[in-house]
Amino acid sequence: MIGRLRGLIVEKQPPEVLIEVNGVGYEVTMPMTCFYELPDNGQEATILTHFVVREDAQLLYGFNNKQERTLFRELIKVNGVGPKLALAILSGMSATQFVAAVEQGEIKTLIKLPGVGTKTAERLIVEMKDRLKQFSHELINPIHEHIDNDKSALSISSQNQIESEAISALITLGYKPQEASKIINKVLKPNMDCETLIKEALKSAL
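With UniProt numbering, letter number 26 in the sequence shown gets 26, and the count goes up by one each step, no holes.
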């Protein structure tokens with residue numbers, strides 16, 4: 001099992017990152033709240049991972065710290081919650097926000113997340129509330145975004161590409177194409193980079 005990777009960031013395509021370790025490139029899918037924290041391409045990063053084996057694929061999910069990974073592992077223990085939905089949940093809100101929502105029984109907050117209906121929200125609260133108590137105190141600090149704001153003007157083609165990549169990222173996280181496009185267009189502003197656009201889109205969806 002691969003539990004930790006340390007190497008150079010080669011490419012970032014939300015929500016996936018390609019990290020090179022000793023000449024081998026690993027594709028890692030990360031919650032957007034973790035993705036924001038990654039350094040720029042060419043810089044070194046350490047990513048904690050959870051390895052998933054399916055009949056048709058072997059997947060790596062990445063996190064910035066043990067608490068985030070533990071929360072992901074607790075999520076996929078819940079009936080009806082797989083890695084893809086767990087990824088969407090942790091992309092829609094930080095680990096701290098999710099723990100607070102579960103502890104306070106905020107069903108209305110949870111059902112705003114893509115793929116989470118009323119029944120799933122209720123299961124999350126019932127099945128996770130007691131389990132989260134053992135490490136919720138470790139999640140007292142919010143996750144800060146890591147965004148390198150480029151103040152230079154972007155060309156129309158670059159803006160279109162950024163918009164397209166952001167929509168694609170939301171679809172990967174479980175949003176329907178039409179819904180993803182609507183959310184992106186709602187928050188899109190001139191000269192926004194892709195990570196900022198996705199972050200604002202996810203915030204507006206809650």
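Glycine included, every Cβ here is placed at the ideal spot set by N, Cα and C. Here the structure is a predicted model, which is why all the values come from computation and not from measurement.
Opposing strand residues paired with residue i [DSSP bridges]
| i | result |
| --- | --- |
| F63 | L48 |
| I19 | I9 and Y26 |
| V53 | Q58 |
Boundaries of the alpha helix (DSSP H) in which residue i is found, first to last residue
| i | result |
| --- | --- |
| L87 | P83 to G92 |
| I184 | P177 to V187 |
| E195 | C194 to A205 |
| I111 | First-last for I111: undefined, no H or E at that position. |
| L38 | That residue, L38, is in no alpha helix (DSSP H); it is neither H nor E in DSSP. |
Span separating the alpha-carbon of residue i from that of residue j
| i | j | result |
| --- | --- | --- |
| P84 | Y26 | Reading off the sequence, residue 84 comes out as Lys, not Pro. For K84 and Y26, the distance between alpha carbons rounds to 18 Å. |
| H146 | V52 | For H146, the pLDDT reaches just 35, beneath the cut-off of 50, and the residue's location in the model is therefore unreliable, although a value from the coordinates is still provided. One C-alpha to the other measures close to 27 Å. |
| R4 | E20 | 12 Å |
| P142 | C34 | At P142 the pLDDT is 39, less than 50, meaning the model places this residue with poor confidence and gives no usable figure here. |
| M128 | R54 | 25 Å |
| L124 | V78 | 7 Å |
| V10 | A121 | 37 Å |
| L197 | L87 | 18 Å |
| L60 | V28 | 5 Å |
| Q58 | Q13 | 19 Å |
| E200 | I167 | 12 Å |
| F72 | L202 | 18 Å |
| P39 | N65 | 15 Å |
Boundaries of the beta strand (DSSP E) in which residue i is found, first to last residue
| i | result |
| --- | --- |
| Q13 | R4 to Q13 |
Coil, strand or helix - residue i by DSSP
| i | result |
| --- | --- |
| K119 | helix |
| K129 | helix |
| L71 | helix |
| N191 | coil |
| L173 | coil |
| V78 | coil |
| Q104 | coil |
| M32 | helix |
Within-9 Å CB hit, residue i to chain C
| i | result |
| --- | --- |
| L87 | Reference to chain C is not applicable here, since this structure consists of a single protein chain. |
Whole-number beta carbon distance between residue j and residue i, since they are thought to touch under 8 Å
| i | j | result |
| --- | --- | --- |
| P114 | G92 | 7 Å |
| V116 | I89 | 7 Å |
| M30 | V17 | 6 Å |
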